[in-house]
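The next block holds one structure in the form of structure tokens; read it before the comments.
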Amino acid sequence: MVDSTKKDAIQKAASQCFAHYGFAKTTMDDIGKMVGLNKASLYYYYKNKDTIFCEIILEERQNFLESLKKNIQKIDLWHEKIQAYILERQRYFQKTVNLHKLSIKTSQELQFQPLFLDLLKRFNLLETSILSDILKQALEKKQIQEIDTLKTARIILFVANGIKQQQILLHEDTLILTQFDFRKVEENTSFAIQLILNGLMRP
3 MVDSTKKDAI QKAASQCFAH YGFAKTTMDD IGKMVGLNKA SLYYYYKNKD TIFCEIILEE
63 RQNFLESLKK NIQKIDLWHE KIQAYILERQ RYFQKTVNLH KLSIKTSQEL QFQPLFLDLL
123 KRFNLLETSI LSDILKQALE KKQIQEIDTL KTARIILFVA NGIKQQQILL HEDTLILTQF
183 DFRKVEENTS FAIQLILNGL MRP
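For any residue, its number in the numbering used here is found by taking its place in the sequence shown, counting from 1, and adding 2.
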């Protein structure tokens, strides 16, 4: 039987290693030494550091999304809710890469790992649902035009993610993302999302 307390300790140790060495340079040996386990014992719980990282990200993002959902409920206007949501998720990404010291190359490689890709798909569905619910409420109140709310939510996320990826791809892949200037990403994303939202409003 897997000891959940031990798994929590491994995740905490891994987070500390990622913050100290950076994700790319952290090894399973580093994590094992930090938590006081030999390699064989560590592999009983996790097959590699990517698996540990995905579980850490899963918990971090679940907590973030729950908190964000509560915060945007306090905002009255539907378009301000969406702008606030998109802005905060961009800042969350920045916080994540800063905490784990991810390079552009590493972040790109992770996206094609089956485990991480599955994680991204799960959160994409959840985020789409959150934005779609905001749009449905606006539609019911006749604040926006008749639209497919689910499809529109997907487009909003696609645009936000696309701008971020495009800006990142313009830099050397060895660049540590903590050195990346996210202000331009925020500015361009806010501008693009506002264009979409303006187009949804009833004349």
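Cβ coordinates follow ideal geometry from the N, Cα and C atoms, glycine included.
Find out if the Cβ-Cβ distance for the pair Val37, Ala21 is shorter than 7 angstroms.
No, the pair does not count as a contact, with Cβ atoms beyond the cut-off.
How far does the alpha helix (DSSP H) with His60 in it reach, from first residue to last?
In the sequence as displayed, the identity of residue 60 is Leu instead of His. Unbroken alpha helix (DSSP H) run through Leu60: Lys51 to Ile74.
Around the C-beta of Gly34, are 16 or more other C-beta atoms found within 10 angstroms, so that it is buried, or is it exposed?
buried
Taking the alpha carbon of Gln18 as the point to measure from, which residue in Lys83, Ile58, Asp78 and Ile132 has its own alpha carbon closest?
Nearest C-alpha to Gln18: Ile58.
Of the choices Lys103, Tyr87 and Leu137, whose alpha-carbon is the least far from that of Phe55?
Looking at the Cα atoms, Lys103 is the closest of the given residues.
Look at the Cβ atom of Ile88, then the Cβ atom of Ile198, and state whether they are nearer than 7 angstroms.
Result no, Cβ atoms of Ile88 and Ile198 do not sit closer than 7 angstroms.
To which residues does DSSP link Met203 through a beta bridge?
Ile146
Are the stretch 58-72 and the stretch 121-128 touching, with three or more C-beta to C-beta distances below 8 angstroms?
yes
How would you write the range of the alpha helix (DSSP H) that Gly164 sits in, first residue to last?
Thr151 to Leu171
If you drop the 5 nearest sequence neighbours on each side, which residues of the same chain put their C-beta closer than 7 angstroms to that of Tyr47?
Val4, Lys8, Lys9 and Ile12
Extent of the continuous alpha helix (DSSP H) run through Gln113:
Run containing Gln113: none; DSSP gives neither H nor E here.
How would you write the range of the alpha helix (DSSP H) that Ala42 sits in, first residue to last?
Lys41 to Tyr47
The alpha helix (DSSP H) enclosing Ile12, as first and last residue numbers:
Ser6 to Tyr23
How many Å lie between Glu148 and Leu141 at the Cα?
Spanning the two alpha carbons is a distance of roughly 7 angstroms.
Between the C-alpha atoms of Lys123 and Leu152, what's the straight-line distance to the nearest angstrom?
15 angstroms
Just to confirm the assignment, what range does the alpha helix (DSSP H) spanning Asp31 have?
It spans Met30 to Val37 - the alpha helix (DSSP H) in which Asp31 sits, taken as one unbroken run.
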